[in-house]
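**Student:**
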Amino acid sequence: MADPNGYPDDIEDTFPDGFGGDDGFPGDRPSGLAPSGFQPAPAATAGGGIAARAMAARRSQAPDYLEGLNPEQRDAVMTLEGPLLVLAGAGTGKTRVLTTRIAHILATGSARPSEILAVTFTNKAAREMKDRIAGFIGGHVEGMAWLGTFHSICVKILRRHAELVGLKSGFSILDTDDQLRLIKQIIQAEGLDEKRWTPRAFAGMVDGWKNRAQTPNEISHGEAAAFAGIGRKLYAEYQDRLSILNACDFGDLLLHVITLFKNNPDILADYQRRFRFMMVDEYQDTNVAQYLWLRLLAQGNANVCCVGDDDQSIYGWRGAEVDNILRFEHDFRGAKVIRLERNYRSTSHILAAASHLISHNEGRLGKTLFTDISDPDEVPVAVASAWDSEEEARAIGEEIETLQTQGHRLNDIAILVRASFQMRSFEDRFVSMGLNYRVIGGPRFYERLEIRDALAYFRCVVQPADDLAFERIVNTPKRGLGDATLKLVHELARANRIPLMEAAFQLCQTEEIKPKARTALKGVLDNFARWRRELETAKHTELAEIILDESGYTEMWRTDRSAEAPGRLDNLKELIRSMEEFESMAGFLEHISLVMDRDSEEGLDAVSIMTLHSAKGLEFDTVFLPGWEEGLFPHQRALDESGKAGLEEERRLAYVGVTRAKKRAKIWFTSNRRIHGQWQSSIPSRFLDELPEAHVEIVESSSNYGGYGSYGGGGYGASRFDGRDPFQSSYSTPGWQRAQKARAAQDTVLERGSFKSSRQRKAGPMTIEGELVAKSVASTPSPYSLGERVFHIKFGYGAISAIEGNKLTIEFEKAGQKKVLDSFVEKH
């Protein structure tokens with residue numbers, strides 16, 4: 001018989017040593033376990049016998065797990081009553097504090113494992129936390145069913161109460177592909193143009209609404225009219241369709257539980273009673289839905305501990321709200337705030353530089369990192385300049401080689417970039433140097449989807465017999481070439497032992513495939529024929545732009561409204577720029593094949609290359625920070641879209657980058673960056689002026705940087721932002737205006753459809769390795785003869801009326817006259 005709350009009746013009621021069951025269902029509390037805090041049994045007092053006095057003496061000593069904690073950490077661990085915010089700076093041991101706090105709760109008997117809610121952001125973090133707790137208390141931790149990610153915990157709750165939100169307990173969770181497929185069906189049903197109103201763009205909007213815990217009826221009027229004017233309608237239809245399918249997406253996991261709690265106070269009250277202690281890691285990265293979920297649970301229990309760092313909130317672009325941590329004291333009255341400022345990772349120079357930089361942010365609670373570690377060999381944060389990205393990569397590569405000869409491991413060195421396109425110059429340089437590297441948080445530059453697609457187009461132009469490349473892009477972007485058409489091409493190619501492109505050309509001369517598909521396929525082949533003729537005359541970089549434009553590939557990403565699309569276009573631009581140092585497209589492709597022919601090995605000593613976003617939580621002895629230039633860092637898109645809030649998040653990103661370094665941090669900026677063969681002047685990032693001169697060393701460069709010959713009082717000259725608002729100052733700087741003007745001129749050039757050429761071209765016969773395909777068709781003798789009766793699987797029976805090589809004209813009995821290839825008919 002189930003209990004009144006709907007829970008199973010087969011749950012253990014008693015637990016050894018105060019440990020609970022699997023998921024914290026109601027049960028009798030073990031004897032001697034006090035409702036709040038640890039209270040020893042009467043026999044275990046100082047006034048008892050020898051055994052009792054020995055036990056009391058043991059309790060008077062600090063538990064082993066508290067050893068090594070500094071005063072602030074110990075305070076955070078032992079503060080168990082009331083709301084607590086632990087502001088944990090970079091490298092201050094926040095993970096240890098969180099895990100030790102849980103261990104302390106368990107060891108003192110303040111709660112059973114099933115009464116502790118501990119939320120992390122990754123499953124890996126949850127596993128590591130559980131392992132650490134087990135190590136502290138000396139054994140495997142049983143019963144901590146409520147330690148996990150927001151989503152995993154919500155799934156557990158939702159499975160038990162699914163019917164109350166219109167689902168069944170066995171509901172499925174859609175992955176991204178299934179979600180996009182479902183949205184595509186809904187968009188098609190509304191008769192919208194999928195190319196303009198893409199499923200991925202709408203999926204991003206839905207994700208944003210669910211991150212803010214908004215149902216279709218709760219989104220604003222403006223957003224309701226978004227997406228062809230029917231955003232709310234599509235959202236409602238999507239949710240209705242999910243309900244019919246007994247499914248939900250990841251955003252629903254939180255949204256449904258919030259709805260469940262709001263509409264069912266009795267269920268909410270039960271969970272409020274169940275969780276005696278609630279802890280959330282990385283609180284600065286929570287979104288609105290996660291915040292509301294926690295607030296609902298915390299209304300019945302004040303023992304809430306949130307650990308985070310407002311200065312490391314760098315995920316606003318995916319819904320994180322730094323205000324959640326900034327208003328903690330307002331949301332939880334009487335909250336205690338403990339600042340962890342003692343850093344165990346970095347040198348004093350690095351910490352001072354990072355603290356001074358982040359102090360320019362207004363939206364922060366405030367703390368200053370320091371270290372007790374004294375290192376007589378520590379060096380200041382270095383700042384250096386280069387003429388362009390190639391010199392920047394070359395100089396950093398040479399410095400890494402020097403460190404390597406001095407005995408430094410490559411695994412202890414990292415290059416942190418603001419944008420992924422910056423990686424290309426480092427990858428190329430390291431390959432030519434024979435320096436091992438790995439890309440963290442994503443594929444290497446030449447392994448990215450958009451780069452592989454572009455290279456496939458180039459390979460088809462240079463080498464038409466490259467079947468793998470042709471197969472990759474023949475229907476990318478979508479051209480209506482379905483599986484049936486491509487199957488015919490493959491069958492003909494295999495039968496005649498010819499390349500796919502030649503087989504496609506032969507099929508286009510017949511009526512084997514449907515008219516619409518035949519027209520699309522012929523258009524692709526005509527394009528390749530035209531591009532191939534220009535290989536000898538056109539500049540290869542210009543031709544590459546033409547190919548990507550006229551194929552529709554760049555337009556595909558321009559109309560894609562996903563968050564990744566702008567970055568993909570940036571990468572395509574960088575790809576074109578990277579071709580400039582090669583004499584021909586063929587030479588460039590040969591270089592790429594060498595770059596990509598590098599097997600990754602486990603345990604390989606290698607330099608790590610990653611974006612600043614991917615670097616959070618990592619640490620390295622030596623960190624290089626290239627590209628600190630206005631427009632790149634802070635990124636212009638962040639300033640344009642979010643204004644001052646965007647600038648402050650960019651500054652937090654800079655803070656994260658600097659604090660990844662343990663011993664050495666070196667910042668670089670360039671005087672120029674080239675985009676599509678045009679020089680773009682750049683000025684140093686405003687963040688450089690926000691570094692403290694006492695902790696920064698200016699490294700002289702062989703190249704001169706325009707008018708910037710000094711920094712502050714002795715490095716770059718007078719600050720660009722002295723006496724001005726730090727957000728607005730750059731826009732009134734003449735140098736910034738010149739850079740903006742240069743960028744605008746380049747954008748005008750790129751506005752040709754990103755890579756559009758104004759030149760007019762005429763289609764001609766397609767050539768393969770210098771020979772006309774049509775010529776090869778005519779020269780192939782046919783095994784058939786005029787008047788011979790044949791059978792075709794699609795058109796039926798007919799008689800041959802004309803023969804041209806392997807191409808037959810047949811008078812079919814039912815289909816009329818058709819042109820087909822002889823390999824598709826059989827004698828009858």
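Numbering follows UniProt numbering, with no gaps: position 40 of the sequence shown is 40. Note that beta-carbon positions come from the ideal geometry of N, C-alpha and C, so glycine has one too. Every value quoted in this text rests on a predicted model; they were computed, and no experiment measured them.
(1) Let me confirm a value: Asp375 is counted as buried when at least 16 other C-beta atoms fall within 10 Å, else exposed. Which label applies?
(2) Spatial neighbours of Gly243 within its chain, please: CB distance less than 6 angstroms, with the 5 preceding and 5 following residues excluded, ordered by chain position.
(3) Are there 16 or more other CB atoms within 10 angstroms of the CB of Asp822, so buried, or fewer, so exposed?
(4) For the candidate residues Asp412, Glu581, Gly204 and Arg418, whose alpha-carbon lies nearest to that of Ile667?
(5) Report yes if the CB atom of Leu492 is closer than 8 angstroms to the CB atom of Gln506, and no otherwise.
(6) Here's a check: name, in chain order, each residue in its chain whose Cβ is nearer than 6 angstroms to the Cβ of Gln737, leaving out the five neighbours to either side.
(7) Please identify the residue among Leu500, Asp178, Leu164 and Arg274 whose C-alpha is closest to the C-alpha of Arg472.
(8) When the distance is taken between beta carbons, is Thr371 closer than 8 angstroms to Lys663?
(9) What residues are listed by DSSP as bridge partners for His635?
(10) Which whole-angstrom value is the C-beta distance of Leu410 and Val623, which I expect to be below 8 angstroms?
(11) Hey, would you say Gly796 sits closer than 8 angstroms to Lys807, going by beta carbons?
(12) Tell me Asn361's beta-bridge partners as DSSP assigns them.
(13) Report buried or exposed for Ile440, applying the criterion of at least 16 other Cβ atoms within 10 angstroms of its Cβ.
(14) By how many angstroms is the C-alpha of Leu87 removed from the C-alpha of Arg339?
(15) Which word fits Val820, buried or exposed, when buried means at least 16 other C-beta atoms lie within 10 angstroms of its C-beta?
(16) What would DSSP say about His792, mapped onto helix, strand or coil?
(17) In whole angstroms, what separates the C-alpha of Asp207 from that of Ala118?
(18) Which runs of the alpha helix (DSSP H) spanning at least 4 residues fall entirely within the segment 466 to 512, listed in chain order?
(19) At what residues does the alpha helix (DSSP H) containing Tyr291 begin and finish?
(20) In terms of residues, what are the limits of the alpha helix (DSSP H) holding Lys666?
(21) Please report the distance separating the alpha-carbon of Arg318 from that of Gln817.
(22) Just the Cα atoms here: how many angstroms apart are Leu575 and Asp560?
(23) Assuming Phe171 and Asp281 form a contact by the criterion Cβ under 8 angstroms, report the distance between their Cβ atoms to the nearest whole angstrom.
(24) Contact defined as beta carbons within less than 8 angstroms: I believe Tyr238 pairs with Leu182. What is the distance between those atoms, to the nearest angstrom?
(25) Any contact of the segment 537 to 552 with the segment 373 to 392, i.e. 3+ C-beta pairs under 8 angstroms?
(26) Leaving out the 5 sequence neighbours to the left and right, which residues in its chain are closer than 8 angstroms to Leu326 when beta-carbon positions are compared?
(27) Buried or exposed: where does Pro71 fall if 16 or more other Cβ atoms within 10 Å of its Cβ makes it buried?
(28) Indicate whether Gly316 and Tyr283 have their beta-carbon atoms separated by less than 8 angstroms.
(29) How is the alpha helix (DSSP H) around Ala393 delimited, first residue to last?
(30) Figure out for me which residue from His792, Gly805, Lys262 and Leu632 has the closest Cα to the Cα of Pro783.
(31) Take the Cβ of Asp377 as the centre, count every other Cβ of all protein chains shown within 10 Å, and call the residue buried at 16 or more, exposed below.
(32) Pairs of beta-carbons, one from the segment 418 to 429 and one from the segment 445 to 457, closer than 8 angstroms: are there three or more?
(33) Name the residue from Trp146, Leu98, Ser671 and Lys130 whose alpha carbon lies nearest to the alpha carbon of Ile116.
(34) Throw me the rounded Cβ distance for the Val257 and Trp209 pair, which I believe falls under 8 angstroms.
(35) Do you know how far the Cα of Arg652 is from the Cα of Arg686?
(36) What are the boundary residues of the alpha helix (DSSP H) that Tyr784 is part of?
**Tutor:** Taking the coordinates as given:
(1) exposed
(2) The sequence given here has Ser at residue 243, not Gly. Gly166.
(3) buried
(4) Arg418
(5) yes
(6) The predicted model places Gln737 with a pLDDT of 39, which falls under 50 and marks its position as unreliable; any figure quoted below should be read in that light. There are no such residues.
(7) Leu500
(8) no
(9) Gly631 and Leu632
(10) Not confirmed; about 13 angstroms, so no contact.
(11) no
(12) Beta-bridge pairing links Asn361 to no other residue.
(13) exposed
(14) 5 angstroms
(15) buried
(16) strand
(17) 24 angstroms
(18) 467 to 473, 483 to 496 and 500 to 508
(19) Val288 to Ala298
(20) Segment Ala661 to Thr670 is the beta strand (DSSP E) holding Lys666; no alpha helix (DSSP H) there.
(21) 59 angstroms
(22) 19 angstroms
(23) About 27 angstroms separates the two Cβ atoms, so there is no contact after all.
(24) 7 angstroms
(25) no
(26) Asp310, Gly363, Arg364 and Leu365
(27) exposed
(28) no
(29) Ser389 to Thr405
(30) Gly805
(31) exposed
(32) yes
(33) Trp146
(34) Actually they do not touch by this definition, with Cβ atoms about 16 angstroms apart.
(35) 13 angstroms
(36) Looking at the DSSP string, Tyr784 is not in any alpha helix (DSSP H), and its letter there is neither H nor E.
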